[in-house]
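When we follow full-length UniProt numbering, the leftmost residue of the sequence shown carries the number 1, and every step to the right adds one.
No residue lacks a Cβ here, since even glycine has one placed at the ideal position from N, Cα and C.
Note that the coordinates shown come from a computational prediction; the quantities given were computed from them, not determined experimentally.
Contents: one structure, followed by commentary.
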Amino acid sequence: MIYYVAIQVASSMVYASGRVGSVLVHLRSVEDRDKGLAMGTMTVIMSLVAFIPAPIIMGAVVDSACLVWDTTCGKEGNCWFYDSEQFRYIIHIVPAIIIFISILGDFVVFYYSDQLDIYGERDPDDPFDDGKETELSEEKKDLLTEKPKPQLDNARAFAS
Numbered sequence: 001m002i003y004y005v006a007i008q009v010a011s012s013m014v015y016a017s018g019r020v021g022s023v024l025v026h027l028r029s030v031e032d033r034d035k036g037l038a039m040g041t042m043t044v045i046m047s048l049v050a051f052i053p054a055p056i057i058m059g060a061v062v063d064s065a066c067l068v069w070d071t072t073c074g075k076e077g078n079c080w081f082y083d084s085e086q087f088r089y090i091i092h093i094v095p096a097i098i099i100f101i102s103i104l105g106d107f108v109v110f111y112y113s114d115q116l117d118i119y120g121e122r123d124p125d126d127p128f129d130d131g132k133e134t135e136l137s138e139e140k141k142d143l144l145t146e147k148p149k150p151q152l153d154n155a156r157a158f159a160s
């Protein structure tokens with residue numbers, strides 16, 4: 001029992017960690033003036049694709065494990081008895097497959113995320129800027145960290 005709970009908690013944490021990143025990428029890849037419309041559009045699409053059909057699909061999946069159906073007046077009603085072994089597998093495997101497909105989508109976004117300019121730091125006119133940072137040589141690092149040498153104030157030097 002403890003292993004089951006540990007696996008469920010760990011998988012929930014891994015799945016939930018991708019949600020924050022996807023919302024951030026979604027918000028940062030849209031112009032400021034379009035963020036409200038983008039969030040509304042995302043909510044509508046999520047409702048149409050996920051929230052509305054999900055109970056219908058899971059209901060059909062759960063009903064596939066039914067052994068004894070209630071029949072009243074020649075019509076099929078509720079399930080009276082489920083095959084517990086099959087029910088246990090399908091209630092865990094079907095969501096796991098859907099989450100795995102979602103994670104594959106996260107990997108695709110991660111692969112192409114280096115092409116996004118989510119902070120507006122890239123110069124669109126620079127043909128050599130591929131968006132990747134380059135390693136500085138030791139000489140350039142020394143020049144960047146070198147303290148400026150004190151200079152004489154020319155006005156005071158000529159005044160004396």
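Straight-line CA distance for residue i to residue j?
| i | j | result |
| --- | --- | --- |
| R19 | H26 | 11 Å |
| V14 | I98 | 14 Å |
| F110 | Q8 | 25 Å |
| W69 | H92 | 23 Å |
| R28 | F100 | 25 Å |
| C73 | R88 | 31 Å |
| M46 | G105 | 15 Å |
| T41 | L48 | 11 Å |
| E76 | I57 | 18 Å |
| V108 | G36 | 25 Å |
| V5 | S12 | 10 Å |
| G21 | N78 | 41 Å |
| R33 | A96 | 37 Å |
| V94 | Q115 | 33 Å |
Let me make sure I understand the geometry here. Which of the options has the alpha-carbon closest to that of residue i?
| i | options | result |
| --- | --- | --- |
| Q86 | V108, D63, A50, R33 | D63 |
| A60 | T72, I90, Q115, V49 | I90 |
| D83 | A96, T71, A65 | A65 |
| residue 168 | Q115, P53, L48, S102 | Summary: the structure shown does not reach residue 168, with the chain confined to residues 1 through 160, and so no result is reported for it. |
| S113 | I2, S12, L24, V5 | L24 |
Just to check my reading of the structure: residue i and residue j have Cβ atoms closer than 8 Å, yes? What is that Cβ distance to the nearest angstrom?
| i | j | result |
| --- | --- | --- |
| F81 | L67 | 5 Å |
| V30 | A38 | 4 Å |
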